[in-house]
Amino acid sequence: HIGVLDFRFIQSTPLINFMGRLGVLFLLFSLGLEFSVRRLLTAGPSIIRTGTIYMVINMAIAILFPLLLGWPIKEILVVAGIMTISSSAIVAKVIVDLKRAANDETEIILGLMMFQDVFVAIYFSVVSGLVLAGSTSISEIILSALIALSFIGGFLFLGHKLVPKLDRWLDIPSDETFMLVIFAILVLVAGFSETLHIAEAIGALLIGLVLAETEHSERIEHLIVSFRDFFGALFFFSFGLSIDPFGLGGAVCPALAAVLLTLLGNIVSGVWAGRKASLSYRASLNIGLTIISRGEFSIILATLAKAGGLMTSLQPFAALYVLILAILGPLLTKESRWVYNRLRPLLRWPKLPDKRKLRN
């Protein structure tokens, strides 16, 4: 987020903005590679159950908040996405850094991430259709939604059927040629999705989901990681450049209010989902705290709002909101025991065993 520190000596930003757009493509493409279509379909009803609990609670809060502020409908839909979707990258890193991969709650957390990824593909497609296509009437909104859903369903169905052919076509010995082919496919699909008034990032996510089913998925992930990190950093940098630091002051109160509501919604939905899965209160609280962080999807939605000519205050709001939760999320997750002990008397949760006694 260094761009928000006002590097105004950069007078011409088209190249940085273009590379930032590439960053969005690589971020979503890389995410798609982590979850194949088959894995999403066979993940089981537990993901649907916990994901639905999370989405209903947090989406309701995220819609009511801008509605009470009197914001227009398109802005409400964008803010709802900004406040609802967790950062998969931050969540995954926190789990690894805190060595919680083997914890009971981690399977639920990863399931929630998968559910959110599917939700993002649908929600982002519909919202981008409304924002970019300028749909205003009910019939236009329904048409945009149908086009988006048809594109997603048709693409995934066709892609799934073409996996054996893709395995043969991508059997290329040279890494350089292989990457050029992957880049060409990525840009082609992203460009085609944009012609349908669906965000190019969704095309990148979908082609990632399809290629994740091929026998070349690990090779693609290995070769793509450096491009993702480089262009992903430029995406956040370009977003920072687009924000006037002197305009952040007006976004402080809405951002802080949104942060508090997000903390409440995530803790409630996380504990509820964990208890439904028969986890302890501590493990259930860990779910809510781990998924608090917001990141790439929130920034992408704010960028989409700018492209659609929506309220200019959305970008500084998203920047502050994401920055606060990107710092607060990992910190609260690390100190989850302390948070549990603060909430325990209020909620009458059982006392945790003493760490020193466990060591002895």
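Taking our numbering, the leading residue of the sequence shown gets 56, the next gets one more, and so forth.
Quick reminder that beta carbons are idealized off the backbone N, C-alpha and C, glycines included.
- Task: Determine the closest residue to ASN321 out of SER333, THR269, ILE346, LEU311, with distance taken between C-alpha atoms.
- Result: For ASN321, the nearest C-alpha among the options comes from ILE346.
- Task: May I ask which residues mark the beginning and end of the alpha helix (DSSP H) holding ARG419?
- Result: There is simply no residue 419 to check, as the chain begins at 56 and stops at 415 in what is shown.
- As assigned by DSSP and simplified to three states, the class of TRP126: Correct three-state label for TRP126: coil.
- Query: Are there 16 or more other CB atoms within 10 angstroms of the CB of ASP222, so buried, or fewer, so exposed?
  - Reply: Taking all protein chains in view, the Cβ of ASP222 is surrounded by fewer than 16 other Cβ atoms within 10 Å, so the residue is classified as exposed.
- Query: Can we say the region 173-187 touches the region 116-135, given the rule of at least three CB pairs closer than 8 Å?
  - Reply: By the Cβ criterion, the region 173-187 is in contact with the region 116-135, since at least three pairs of Cβ atoms, one from each stretch, lie closer than 8 Å.
- First through last residue of the alpha helix (DSSP H) which encompasses PHE233: PHE233 -> alpha helix (DSSP H) spans 230-250.
- N-terminal and C-terminal residue of the alpha helix (DSSP H) that ASP284 is part of: Start and end: 272-296.
- Under 8 Å between C-beta atoms of ILE112 and ALA332: Annotated as distal: ILE112 and ALA332, with beta-carbon spacing of 8 Å or more.
- Task: Look at the Cβ atom of SER348, then the Cβ atom of ALA373, and state whether they are nearer than 8 Å.
- Result: ALA373 sits away from SER348, with the two beta carbons spaced by 8 Å or more.
- Could you tell me if PRO127 is buried or exposed, where buried requires 16 or more neighbouring beta carbons within 10 angstroms of its beta carbon? With fewer than 16 other Cβ atoms within 10 Å, it is exposed.
- Item | Nearest neighbour of ASP326, chosen from LEU344, LEU315, PHE120, THR317 [CA to CA] | Per the sequence shown, residue 326 should be read as Val rather than Asp. Measuring from the Cα of VAL326, the nearest candidate turns out to be LEU344.
- Message: Quick check: THR317 and LEU153, are their CB atoms within less than 8 Å of each other?
- Response: Cβ distance not < 8 Å, so THR317 and LEU153 don't count as in contact.
- Query: Hey, would you say LEU243 sits closer than 8 Å to GLY75, going by beta carbons?
  - Reply: No, the Cβ-Cβ distance between LEU243 and GLY75 is not below 8 Å.
- How many Å lie between LEU378 and SER335 at the Cα? Straight-line Cα distance between these residues: approximately 30 Å.
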